[in-house]
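Asks: Sharing a structure below in structure tokens format, with a few things to ask.
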Amino acid sequence: MPSSSFKRPSAAALPPFVRLAAVLFVMEFVRSAFLISFLPAYAAGRLGVSVAAVGLAVSIHYVADTAVKAAAGYLVDRFSSRLMLHAAFGTTGAGLLTAFFGQQPWMLVVGAILIGIGVSPIWLLCMSEVREDNRASQMGSIYTVWLASLGAGPVVMGFLLDRGYGVSFGVLGGLLAFGWAVALGWNVRRGISARSVPLREQLAQLGGKLAAMKPLVPGMVLQTAAAGLLVPVLPTFATDNMGLDYSGYSLVLIVGGAATAVGLIPMGRLSDRWGHRRFLVVGFAGLAAALFLLLSSSGLVPSMLLAAVLGLSYAVVLPSWNALLASFVPDDQKGTGWGVLSSIEGIGVMIGPVVGGWVAGTYDPSVTVGASAVLLAGIAAFYGFFPQRRLTSPEQTE
Numbered sequence: 388m389p390s391s392s393f394k395r396p397s398a399a400a401l402p403p404f405v406r407l408a409a410v411l412f413v414m415e416f417v418r419s420a421f422l423i424s425f426l427p428a429y430a431a432g433r434l435g436v437s438v439a440a441v442g443l444a445v446s447i448h449y450v451a452d453t454a455v456k457a458a459a460g461y462l463v464d465r466f467s468s469r470l471m472l473h474a475a476f477g478t479t480g481a482g483l484l485t486a487f488f489g490q491q492p493w494m495l496v497v498g499a500i501l502i503g504i505g506v507s508p509i510w511l512l513c514m515s516e517v518r519e520d521n522r523a524s525q526m527g528s529i530y531t532v533w534l535a536s537l538g539a540g541p542v543v544m545g546f547l548l549d550r551g552y553g554v555s556f557g558v559l560g561g562l563l564a565f566g567w568a569v570a571l572g573w574n575v576r577r578g579i580s581a582r583s584v585p586l587r588e589q590l591a592q593l594g595g596k597l598a599a600m601k602p603l604v605p606g607m608v609l610q611t612a613a614a615g616l617l618v619p620v621l622p623t624f625a626t627d628n629m630g631l632d633y634s635g636y637s638l639v640l641i642v643g644g645a646a647t648a649v650g651l652i653p654m655g656r657l658s659d660r661w662g663h664r665r666f667l668v669v670g671f672a673g674l675a676a677a678l679f680l681l682l683s684s685s686g687l688v689p690s691m692l693l694a695a696v697l698g699l700s701y702a703v704v705l706p707s708w709n710a711l712l713a714s715f716v717p718d719d720q721k722g723t724g725w726g727v728l729s730s731i732e733g734i735g736v737m738i739g740p741v742v743g744g745w746v747a748g749t750y751d752p753s754v755t756v757g758a759s760a761v762l763l764a765g766i767a768a769f770y771g772f773f774p775q776r777r778l779t780s781p782e783q784t785e
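If you count by my numbering, then the sequence shown holds residues 388 to 785, one letter each, in order.
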């Protein structure tokens, strides 16, 4: 009847994947706003903490996030998603409170660690809800949400800081509370069957999957390392080598991020239709070519065009790459599987900035950019010539 036909779409209006995407947006918005904008300003302006202490807090935050992913994935498989969401929000809230009300540098570090631990399971929960029939499309949606929150958090916080630290912290706390309220509606219980499987047997099953995906490991580490190489040198490279001021550099970043956000969902759908491998090769090759061209580029307009190419190439890679990884994750161990994979990828995140900073300091920022381009070109060539059957999950070849 009319009333029941009306209720049915509204009940489906917020499916688990969409609800988790909203939670992911809130968490990543709070994290990026806090780490990139709020923490440096608050530490220096209110507490008089050194820049070195702030840098330590941010670095340890990401180390904590990466380090706990495997354990968090195991817990995601064993306990209900609702419980994991509440634990994540509670830990993140405790981290915000510790960092804001603490008066010592070590309190900032502890707060940053707690936030890293709290945010870590959210990404794994999102990955565990990806459907097998359109993996790349949903991966594109996840990354679109992530990029939007990552960009919006620092920008919004920049305006809020003009109104004071108390107002800024209040907005962060209020947004976190809103996300927690969204999580309260979660009614799907996952991971119950995993409780009946001994841990040793689960690890053995997962080990077999990981052994089958050895060909993906170089890309898992090297692509994140290639991106990490650029983190400490991009502002200097943009001003010294490309002739941009900081406003121009910000505009270039906006163009690149917008191109990625716009391209993620359509590229994910095309990847599901046409195959993931060719998108990986084209995407990595596009990233390498754009970085090589940046070495001889100067001026705002050429830089914006190349940033758009970089962003679109990144949009080509991300959904296909994560859809390919998803095919190797056991259906009954998605949390653990994604946790292990994220930890492996995190190796590149941790070593990339260190190596990039050393290369730039020893030689020149342009050498670091060139090294990143060479790595990406190597990944494109590797997967271009590697046998297709070796890039396919065993279950898909049976």
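Ideal Cβ positions, reconstructed from N, Cα and C, are used throughout, including at glycine.
Comparing alpha-carbon positions, which option in Ala-430, Leu-562, Ser-685, Gly-615 lies nearest Gly-744?
Replies: Nearest C-alpha to Gly-744: Gly-615.
Asks: Beta carbon of Val-532, beta carbon of Asp-452: below 9 Å?
Replies: No, they are not a contact pair.
Asks: Given the structure, does Leu-678 come close to the ligand ATP, in the sense that its CB is under 8 Å from one of the ligand's heavy atoms?
Replies: In terms of ligand content, the structure shown is empty, and the ligand ATP therefore cannot be addressed.
Asks: In whole angstroms, give me the CA-to-CA distance for Thr-647 and Val-669.
Replies: Each residue's Cα considered, the two are about 15 Å apart.
Asks: Quick one: measure Cβ to Cβ for Leu-792 and Glu-732, integer angstroms, because I've assumed they're closer than 8 Å.
Replies: With the chain covering 388 to 785 only, the question about residue 792 has no answer from this structure.
Asks: Round the Cβ separation of Leu-697 and Gly-635 to the nearest angstrom and send it over; I've been treating them as touching at under 8 Å.
Replies: Going by Cβ atoms, the distance from Leu-697 to Gly-635 rounds to 16 Å, so no, they are not a contact pair.
Asks: If you run the structure through DSSP and keep just helix, strand and coil, what is Gly-771?
Replies: Reduced to three states, the DSSP call for Gly-771 is helix.
Asks: Flag this pair as yes or no: are the beta carbons of Leu-512 and Leu-472 separated by less than 9 Å?
Replies: Yes, these two residues count as a Cβ contact at 9 Å.
Asks: Use the C-beta contact count for Ala-625: other C-beta atoms within 10 angstroms, 16 or more gives buried, fewer gives exposed.
Replies: When all chains shown are included, Ala-625 counts as buried.
Asks: Taking its Cβ as the centre, do 16 or more other Cβ atoms sit within 10 Å of Trp-708, making it buried, or is it exposed?
Replies: Buried, since its Cβ has 16 or more Cβ neighbours within 10 Å.
Asks: Sort Thr-611, Pro-427, Ala-454 by Cα distance to Leu-443 and report the nearest one.
Replies: Of the listed residues, the one whose Cα sits closest to Leu-443 is Pro-427.
Asks: Taking Asp-659 as the reference, which of Gln-525, Ser-700, Pro-541 has the closest Cα?
Replies: Nearest of Gln-525, Ser-700, Pro-541 to Asp-659, Cα basis: Gln-525.
Asks: Can the beta-carbon of Ser-515 be found less than 9 Å from the beta-carbon of Ser-468?
Replies: Yes, the Cβ-Cβ distance between Ser-515 and Ser-468 is below 9 Å.
Asks: Whose C-beta lies closer than 6 Å to the C-beta of Pro-752 among residues of the same chain, with five residues either side of it excluded?
Replies: Closer than 6 Å at Cβ, skipping near neighbours: Val-620, Thr-623, Phe-624.
Asks: Thinking just about the alpha-carbon of each residue, which of Ser-685, Gly-482, Arg-465 is nearest to the one in His-448?
Replies: The shortest C-alpha separation from His-448 is found at Gly-482.
Asks: Take Ser-690 as the anchor and find which of Leu-657, Leu-617, Leu-638, Ala-564 has the nearest alpha-carbon.
Replies: For the residues Leu-657, Leu-617, Leu-638, Ala-564, the minimum Cα distance to Ser-690 belongs to Leu-638.
Asks: Applying the criterion that 16 or more other CB atoms from any shown protein chain within 10 Å of the CB defines a buried residue, is Ala-747 buried or exposed?
Replies: Label assigned to Ala-747: buried.
Asks: Can you give the Cα-Cα distance for Leu-603 and Pro-740, rounded to whole angstroms?
Replies: Rounded to the nearest angstrom, the two C-alpha atoms are 22 Å apart.
Asks: Please return the same chain residues whose Cβ sits closer than 8 Å to the Cβ of Ala-499, not counting the five positions on each side in sequence.
Replies: So the qualifying residues of the chain are Leu-422, Leu-426, Ala-444, Val-445, Ile-447, His-448, Ala-451, Gly-482, Ala-486.
Asks: Does the distance from the C-beta atom of Val-558 to that of Val-410 stay below 9 Å?
Replies: No, these two residues do not count as a Cβ contact at 9 Å.
Asks: Smallest Cα separation from Val-704: which of Leu-692, Gly-735, Phe-679, Ala-767?
Replies: Closest by alpha carbon: Ala-767.
Asks: Candidates Ala-431, Ala-440, Val-761, Leu-470: which alpha carbon is nearest Ala-676's?
Replies: Checking every option, the nearest Cα to that of Ala-676 belongs to Val-761.
Asks: Should Asp-464 go down as buried or exposed, given a rule of 16 or more other Cβ atoms within 10 Å for buried?
Replies: Buried.
Asks: Going by DSSP in three states, Met-607 sits in which element: helix, strand or coil?
Replies: Met-607: helix per DSSP, three-state reduction.
Asks: If you draw a straight line from the C-alpha of Ala-440 to the C-alpha of Ala-535, how long is it?
Replies: If you take the alpha carbons of Ala-440 and Ala-535, they lie about 28 Å apart.
Asks: Can you look up Arg-550 in the DSSP assignment and give me helix, strand or coil?
Replies: DSSP places Arg-550 in coil when its eight states are reduced to three.
Asks: Is Thr-749 buried or exposed, if buried means 16 or more other CB atoms sit within 10 Å of its CB?
Replies: Thr-749 should be labelled exposed.
Asks: Would you mind reading off the limits of the alpha helix (DSSP H) that contains Ala-694?
Replies: Its alpha helix (DSSP H) spans residues 687-713.
Asks: DSSP three-state label for Tyr-636, please.
Replies: Helix at Tyr-636.
Asks: Going by DSSP in three states, Val-436 sits in which element: helix, strand or coil?
Replies: Val-436 falls in the coil class under three-state DSSP.
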